[in-house]
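In this text, residue positions in the sequence shown follow our numbering: the first is 1, and each later residue adds one. Inspection log for the structure reproduced underneath, given as structure tokens.
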Amino acid sequence: MKQTFKYRAYPTKIEERWLFSELRHQKQLQNYMHQMRSQMWDYGRKSVSMYDQIDHLKDLRATTSHYSEHPQDMQVSTIKRVNAAHEHFQRRCREGAEKKGYPRYKRSVRSLTWNLRKHKLKTGERVRQNPIRSTGTRYNRLKVPKLGEIKIRQHRPLIGDSKEVTLKKTARGWYVFIVCEVPDTLKCVPKSACGVDVGTDNFLTTSEGEKEENPRFYRQAEQKLIRLHRDLSRKRYRSKRWYKAKDALAKQHDIVACQRLDFIAKTVYKLFHHKGFDAVVAEKLKPSNMLKNRHLAKSISDASWGMFFDWCYWVAKRDGKHFHQVPPHHTSQTCSECCQKSAIKLKLSERLFHCKSCGNLKLDRDHNAALNILHRAACALRGEVWDTILCETRNPLLQQACWG
């Protein structure tokens, strides 16, 4: 399993100028390799592989100083990125996707990536090089090819075998992403589970009846973003003040994105560790399709349900927990006691579910949906160890109805 560690980097002015020049070179190389593939296919119907482009790069480095003075590992990573873009385009063509997404030329590149090689010790053992040099002070040093060492704030140690390093420029500074290979964690035997129903009113409601408030970070910063957009539109294009206003707008968008990511990460960690649930069950939603509703598109985008599901999946995989997704059809319209669907469809404004069939259940709409999500996963996964535990602990009546 791969795990990525993110650290803040603090290059000096001279180092930053070198990094910006390297970003421009990688952009030119990426566009050149993309142009080579396009022209070879247009004129000769001949496809160019990644290894052909790497061999061509070796010839360029041997004959041209413009290519040889730049790190080869970064150039190879750029070629791999171009190859991945074309492979995804071909895959979408084979699948008959509506939008093929042919790779485009890049106006700018914001990240530099290089692989870490293995070196041979005197004992004959091959060990991968450590990209970070510890100094024993507040700031350690990151080794960058052809540049030297730059300061980073390593707030936690690396775990596993370091494979790849990415240095990225964002609106608020430079960041380092180090991909490490860590051993897989064995799945635990779940003894407790909860269903989660996501929404726009409350971010989520668990099957225990607990709610998590929706922070609405974009809604809170919307007026400030409107003002920054207005300031940018009044500046002369590509003037000094235009660039200054553009940076201020990008920083505010980055702040909103970081706030949302921090909230989702803490919420997922709370579910699996603070609440002590070994299994979390959610609906298998498609937010991209739900964004077609123009009345709820902004609220759905602000909630970032897709990011929440991705974090649940990766945290469960990393910590040996379980995460499952079930079909979302009629979870809010079905009674969690008698399993009967309501004859009258509830409106989105109606927040209380009252079953007309059994007459016993009068429950919050989201809480009822979370219970149905949990029961649906238990019925779908019958035969596993945790499935029987869920049926017995959550809803014995539903288990009898399913078996009968």
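We put the beta carbon where it would ideally sit given N, CA and C, even for glycine.
#### Entry: Cα-Cα separation between LEU363 and ILE255, rounded to whole angstroms
37 angstroms
### Query
Just checking my contact of TYR492 with TYR175 at CB under 8 angstroms: how many whole Å lie between their CB atoms?
The chain is shown from 1 up to 404; residue 492 falls before or after that span and cannot be answered.
### Message
Quick check on the burial criterion: 16 or more other C-beta atoms within 10 angstroms. Buried or exposed for PHE20?
### Response
exposed
### Query
When we look at the beta-carbon of ILE159 and count the other beta-carbons within 10 Å, is it buried (16 or more) or exposed?
exposed
### Query
In three-state DSSP terms, what is GLY124?
Here GLY124 sits in coil by DSSP.
### Query
In three-state DSSP terms, what is ASN293?
coil
### Task
Leaving aside the five residues before and after ILE264 along the sequence, list all residues of the same chain whose C-beta is less than 6 angstroms from its C-beta, in chain order.
MET307, PHE308 and TRP311
### Message
Looking at the strands, I want to know which residues DSSP matches up with ASN140.
### Response
ILE152
### Message
My output table needs one value for GLU213: the three-state DSSP class, helix, strand or coil.
### Response
strand
### Query
Which partner residues of LEU167 appear in the DSSP bridge assignment?
LEU112 and VAL176
### Message
Checking the sheet assignment: what are the DSSP bridge partners for ILE132?
### Response
ILE132 pairs with LEU142.
### Query
Is the Cβ-Cβ distance between LEU371 and SER336 less than 7 angstroms?
yes
### Query
LYS191 to GLN72, Cα distance in whole Å?
51 angstroms
### Message
Once DSSP output is grouped into helix, strand and coil, what is the label at GLU22?
### Response
helix
### Query
Rounded to a whole number of angstroms, what is the C-alpha to C-alpha distance between GLN30 and SER233?
31 angstroms
### Query
Nearest-angstrom Cα distance between HIS56 and LYS106?
21 angstroms
### Message
Tell me the rounded alpha-carbon separation between LEU361 and CYS355.
### Response
6 angstroms
### Task
Taking PRO157 as the reference, give the member of MET74, LYS169, LYS151 and ILE178 with the closest Cα.
ILE178
### Message
Count Cβ pairs between the region 276-288 and the region 317-324 that sit closer than 8 angstroms; are there 3 or more?
### Response
yes
### Task
For ASN360, name the three-state secondary structure that DSSP assigns.
coil
### Local conformation of THR104 per DSSP, three classes
Just to set this straight, residue 104 is Arg in the shown sequence, not Thr. Coil, per DSSP.
### Task
Identify which residue in LYS240, ALA221 and VAL315 has its Cα closest to the Cα of TYR269.
VAL315
### Task
For HIS88, count neighbouring Cβ atoms within 10 angstroms of its own Cβ and tell me buried if that reaches 16, exposed if not.
exposed
#### Entry: Residue closest to ASP52, alpha-carbon to alpha-carbon, out of HIS25, HIS70, LYS80 and SER357
LYS80
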